[in-house]
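All remarks here apply to the structure that follows.
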Amino acid sequence: MTPRTLDPITFEVLRSGLEYACERMGRVLQRASFSPIIYDMVDFSNGIFDADGELVGQAANCPVHLGAMHYSVRASLERFGADGLHPGDVVILNDPYRGGTHTPDVTMTLPAYAGGELIAFAASRAHWTDLGGGGAGGQAFSTHIAAEGLRLPPLKLVEAGELNSDLVDIIRNQSRVPQYVDGDINAQLGALNAGEAELLRLADRYGHATLRQVMREVIDYTERMTRAAIRRIPDGEYEAEDYADTDGFSEEPVRLRLKLTVDGDELSVDFAGTDPVADGAINSPEANTVSAVYYSLKFFLSPDAPANAGMYRPITISIPEGTWLNPSWPAPTIGCTVLAAPKVCAAVWQALAHAIPDRIIAPTYAEDNWFVASLADPEVKGGHVFSDLPPGGWGGTPFHDGMNVTEEPNGNCTNLPAETAELLFPIEYERYELRPDSGGPGRFRGGLGSVLQVRFDERAELSMECSRTRAGSPGVGGGRAGPPQRQSKVGRDGRRATIGGLTEDGRWLNCLLSNHPFAPGEAFLFESTGGGGWGDPLERDPQAVLSDVLDGYVSAEAARAEYGVGIDLERGEIDEEATGALRATVRAKR
Amino acid sequence: MLRVGIDVGGTFTDLFAWRAGGAELRTAKVMTTPNDLIDGVLEAVEAADLELGEIETIVHGSTTATNALIERTYPEPAFITTEGFRDTIEMGRPHREHLYDPYQQRPAPLVRRTNRYPVREKIRADGSIRTSLDEEQVRSVARRIAESGTRNVAVGLINSYANSAHERRIGELVREEIPGALVALSSDNPKFRELPRFVTAVVRAALLPVMGEYLERLEATLRGRGFEGSLFVIKSNGGMIHSSGARECAEELIESGPAGGVAAAAALCEHFRDGKGLLCTDMGGTSFDVCLIEDGQGLVRDDYEIDWDLPIVTPMLDIRSVGAGGGSIAWIDGGGSIRLGPRSAGADPGPACYGRGGTEPTVTDANLLLGRLEPTLGGKLRLDPDAAERAVATVAEPLGLAVAACAEGIVRLCVEQVAAAMKLVSVDRGRDPRDYRLVSFGGAGPMHAAEIAALIGVETVIVPPLAGVASAFGGTMMDVRYDIETTFYMPCEGVDLLALNERLAALDAEGVGRLEADGFAAEEITLTRTAGMRYVGQSYEVDTPLPAEELDADAVRTVAEEFNACHLREHGVASEEFPAAFVNLRASVSGAVPKPELAGLFAQTAAIGAPSGTTREVLFGGIAHETPIYQRRELGLDARLEGPAIIQDVDATVLIPPGDRVVLDSLGNVVISIGRRR
């Protein structure tokens, strides 16, 4: 570690100046973007990197980008070399095997120069609505990445200030929504220009030598904070595993295993024993897996420290090549951010549960539940694309119950209000509410998942990446899982039939839906799972159980079976006698 | 005639009064009386030596609504909603407040789940009825509500913005079943998007009994003591409303204090008349608020959140807040770096130098050590520089800094933080702060305003006179204002002109009707129309002005072009490729009330003659400057000063750094011209 030489006030002013630069990039991008997925879903991140391509600061609006963007900067540097980059250049890429993760995430990188010297990079990553491929938004469940749309290796989108309009034409030609392309390119370029302007302002005011020194020291600073946080975790080896229900083709779950080792102020994560590359779309390129580990850990390692390469230094991540968490071309990867990353996060938290049981929270629903439906409309040529991410619940914490219906840790999206969707599309929301009994039982209960039912006025085809349909997310410290997720079709007669997940007779149906057809008047019903429970449900305060039952978050039956609490529903009181006996019985059965 | 503004804040109750045209001015400041706010109101009237019988108009702002909401002390309403949507107001939107905090929680629902009643009915987005209302079920729900002892009921149904029939019928049935029921319908604000509309109805139902009781009692108390004039209440949209109608729109009464400040800033800066906007700022002990003012109007937004993810649809002044103030605490983080805030020493224990047990260093402590703060706080409190020094030393020592350098660093961090926040607010609204003047209110505002302005490129800072009672003064300058809104979703291309003009005319008529009922004559009424517009495929709207006349096809084309321009200003981009669409329509009507002649009014606050200056040593950039100290009440309207200087006001200290220049304008505003830095 370099000793501190800057005066601490200047350091803090410049540190927040860099943070502000990233924040400003994000605001400019969001404000200027035309595509709803950027504006509403907030599926983008912006960062500043030093001249070697090390992350200095990031406004990670989307945590799954936290540890992945420097792969893009590095790939751009490798392709052109520092000598091949010049003022006024911007490099674009999205190739999952050359600096990207999945095809919709497009990264642009701008080298910033002061006094003729390369001082830093600004980079911007945003999820584009569509870049072609077999399904809308890249949602095609094929065994080859070619089905997932246009792949751009590192290319100069702008060279010496001149936009490469041939390249833009190719992109527009490939997209199902070419009208968004120019707007999104401009929004990202706007963000890069804002970042560059802030860097130059700081360099101008404080000198670029000072700015470069601060960039180095900010990284050291995060490293110190991260090491201090690791030291608060007891030394040891902690193992965990998790799985995706399917890759879309397999009948068997696709597993991941990890061993998390803490040694003093260093931490390592080893994925030895993880299943091989999957046939289907769930594979996660190294950048995405690494990023998932970082964001999962960040919740418990100095969440407030600036997001930068200093966090990477004390953490070693080993992912065997040829596993589904470190695949190579031509393995498809469209599901890496939405499906693979949440499983990595759930496994990391389960491993941490052994190490810091009094600080960890139980896993969330560990899904994005991303669906895309193409809707016919006799009045609109080409129909509509309707997409949403019905959320589940967060895990119970050592201090209180988990949050209901909250976006997965990997992102921070909002959703489409029912009235907006009904105004824009030929659909009707029939239900969107809490799913009772879906929170994993625990001393502190998992937050509840949701029930979404959408009826299609016209013919529709629905694709969905999903998992947790065999079992809900596990609890920690004796906490339990909620019920599994389930995809159903509700006919015009109101009858429900499972189309993904477990049926009444115990069969499991593949939950990666690919263009599943719906006739006019049929509805899609999705029940998400809640978070895992924290601690033994028999230790839950009976008053909390009573309150849950009165509000209908938990049924009286579940109160008896899971929590061993008898409720006198007539009087709205706890049946103390029954509760004593019930808790003894449940305990004895274990 | 006597016109009186009374603003009840968290700590003080302020009064500002003027008589006929501005011949006489009175102010008062008393402690707020939390047990019964009305006591403080009466005390303020007494302190200003006013007779209630001679007051023609009282304009009142109060924290009653806000407090009831924040502390959840309202009588919990019942909520009746469409089957399948019982949890909308609890689920909110699925994003979270803090990206990486594993222990964060959502705010508790405004209405417990058990008090939310789904009923069978369904209306489609086009207003057609898919499932008729099950009236028997509604009656049985209403009886259950009555049995639970609840009297206030909110009704929010999906798509009721398009057809309010079911909500209105439920309202009737509830009134039949629950004698004396207080009912709020979401369709009274017929804007699409269920969450904000439902939350608005719930907030209104929750506050109906609270504000009804408060305003009735206030009015009865005033009348009982001889008040025969009119009572108005400040609204969060920057206008006011007659008290008789106020309880019916209680959700519009939250955040009324800042609205008064914005009106005050607009009034006191009107004479600049050069098209520049104002950044109206207020910095107190714990937070820094900013609102942009253009053409004398504060910018409004209609997605204000009363708590994380609890948005309401009411148009409100767009006031943004950051956790930076005089009480912000400096601390050393786990990486060994100095940080400032957002934790604040607040009022208790307060900064270390207040001697009330605070030991952590605050911005106020730093200012005291730098000589910038008057050591007796205007004779109110003997500040303890030793305690401040000890507190600042706790961070200076580990950083290896001298205490004075550290103190200056703390102030610098505070100024940088606020400057960054103000730049982001401007970015969000597509504005460049350099095109604005900065108006500084609040106990800690004028101490930092010049430095903040220098950082964001603002050339002029204005510190208004009598800033301590600005909100109360602002109240007396407000017009009566109503915003009438509706949803009208239709692309501009091929818009149904007949329907568009009918809807606009209906909005106008409703607004003008309300003002006429308030007793305004036609020539006192101003009408402006706005459309919330978007590009087809977008999901956010940009306010676009509409002409007041009937619209024909050409006019709609002009509106679409105007929308492009507005979108360009707010978002930095515009598109010819995307068709534009109408989403919401709004008629804003205001009824003008008499205003005083401000120059005459405020001339009374300035003195004539040379100030009797003392000096104090103040640190700027590590160098001690022997700095003249002026009492504001001793400065004449012709005063001209150069920095470094300090102007001591009753409630605040104006700091003029070296290189800046000051004049007092005709209203007694301290106008600081920012000089070049470094």
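Sequence order for the protein chains is A and B. Counting in the numbering used here, the first sequence runs from 1 upward without gaps. Counting in the numbering used here, the second sequence runs from 1001 upward without gaps. Just so you know, even glycine gets a beta-carbon here, dropped at the ideal spot from N, CA and C. Values in this document were obtained by computation on a predicted structure and should not be read as measured data.
Amino acids of chain B, ordered along the chain, whose beta-carbon sits closer than 9 angstroms to that of residue i
i, result
"Arg15 of chain A", "Ser1337"
"Tyr432 of chain A", "Gly1084, Phe1085, Asp1087, Thr1088, Met1091"
"Ile9 of chain A", "Ile1338, Leu1399, Leu1401, Ala1405, Cys1406, Glu1408, Gly1409, Ile1410, Arg1412, Leu1413"
"Val28 of chain A", "Val1427, Gly1572"
Exposure label - residue i; buried when at least 16 CB within 10 Å
i, result
"Val28 of chain A", "buried"
"Ser1128 of chain B", "exposed"
"Ala1505 of chain B", "exposed"
"Leu1279 of chain B", "buried"
"Gly115 of chain A", "exposed"
Residue-level contact to chain B via CB, residue i, 9 angstroms cutoff
i, result
"Lys589 of chain A", "no"
"Cys413 of chain A", "yes"
"Lys298 of chain A", "yes"
"Ser302 of chain A", "yes"
"Glu367 of chain A", "no"
"Glu660 of chain A", "Outside the displayed range of chain A (1 to 590) lies residue 660 of chain A, so it cannot be described from this structure."
"Thr529 of chain A", "no"
"Thr2 of chain A", "Reliability fails at Thr2 of chain A, whose pLDDT of 41 lies under 50, so the model's placement of it is uncertain and no value is given."
"Ser450 of chain A", "yes"
Closer than 8 angstroms at the beta carbon, the chain B residues around residue i
i, result
"Ile361 of chain A", "Pro1102, Tyr1103"
"Gly552 of chain A", "Arg1113, Thr1114"
"Thr420 of chain A", "Phe1192, Arg1193, Ser1539"
"Thr222 of chain A", "Gly1335"
"Ala228 of chain A", "Gly1334, Gly1335"
Residue-chain proximity (residue i, chain A), Cβ-Cβ < 9 angstroms
i, result
"Gly1323 of chain B", "no"
"Ile1674 of chain B", "no"
"Thr1114 of chain B", "yes"
"Ala1420 of chain B", "yes"
"Gly1659 of chain B", "no"
"Phe1620 of chain B", "no"
"Gln1417 of chain B", "yes"
Chain A residues whose Cβ lies nearer than 9 angstroms to that of residue i
i, result
"Ser1575 of chain B", "Phe34, Gln179, Asp182, Gly183"
"Arg1072 of chain B", "Near Arg1072 of chain B there are no residues of chain A at all, since even the closest Cβ is about 16 angstroms away, more than 9 angstroms."
"Phe1578 of chain B", "Phe34, Gln179, Gly183"
"Arg1217 of chain B", "Chain A residues near Arg1217 of chain B: none, gap ~34 angstroms exceeds 9 angstroms."
Within chain B, the residues that residue i reaches when beta carbons sit closer than 7 angstroms
i, result
"Tyr71 of chain A", "The contacting residues do not exist; Tyr71 of chain A stays about 21 angstroms from chain B at best."
"Ala305 of chain A", "Gly1335"
"Arg540 of chain A", "Chain B residues near Arg540 of chain A: none, gap ~17 angstroms exceeds 7 angstroms."
"Leu423 of chain A", "Ala1125, Phe1192, Tyr1489"
"Gly494 of chain A", "Correct list: empty, because the minimum Cβ distance to chain B is about 13 angstroms."
Residues that residue i contacts on chain A, provided the C-beta gap is smaller than 7 angstroms
i, result
"Leu1585 of chain B", "Chain A residues near Leu1585 of chain B: none, gap ~15 angstroms exceeds 7 angstroms."
"Pro1596 of chain B", "Correct list: empty, because the minimum Cβ distance to chain A is about 41 angstroms."
Where the segment 386-410 of chain A meets chain B: residues whose CB sits under 7 angstroms from a CB there: Pro391, Thr397, Phe399, His400, Met403, Asn404, Val405, Thr406, Glu407
Three CB pairs or more closer than 8 angstroms across the segment 1077-1094 of chain B and the segment 1109-1120 of chain B: yes
Inter-stretch contact at 8 angstroms, needing at least 3 Cβ pairs: the segment 1418-1427 of chain B / the segment 1388-1399 of chain B: no
The segment 1058-1067 of chain B contacting the segment 406-422 of chain A, beta-carbon criterion three pairs below 8 angstroms: no
Touching by the beta-carbon criterion (3+ pairs, under 8 angstroms), the segment 256-273 of chain A and the segment 64-80 of chain A: no
Near-chain A residues of the segment 1502-1536 of chain B - C-beta to any C-beta below 8 angstroms: Tyr1535
Members of the segment 1423-1455 of chain B that neighbour chain A once the beta carbon cut-off is set at 8 angstroms: Lys1423, Leu1424, Val1427, Asp1428, Gly1430
Interface residues of the segment 1142-1164 of chain B facing chain A [CB-CB below 8 angstroms]: Ile1158, Asn1159, Tyr1161
Residues within the segment 196-215 of chain A neighbouring chain B, beta-carbon criterion of under 8 angstroms: none
Inter-stretch contact (C-beta, 8 angstroms, three-pair minimum) for the segment 239-249 of chain A and the segment 213-225 of chain A: no
Cβ contact check for the segment 1488-1507 of chain B and the segment 1245-1265 of chain B: 3 or more pairs under 8 angstroms: no
Any 3 or more C-beta pairs closer than 8 angstroms across the segment 556-563 of chain A and the segment 1018-1029 of chain B: no
Three CB pairs or more closer than 8 angstroms across the segment 272-290 of chain A and the segment 317-334 of chain A: yes
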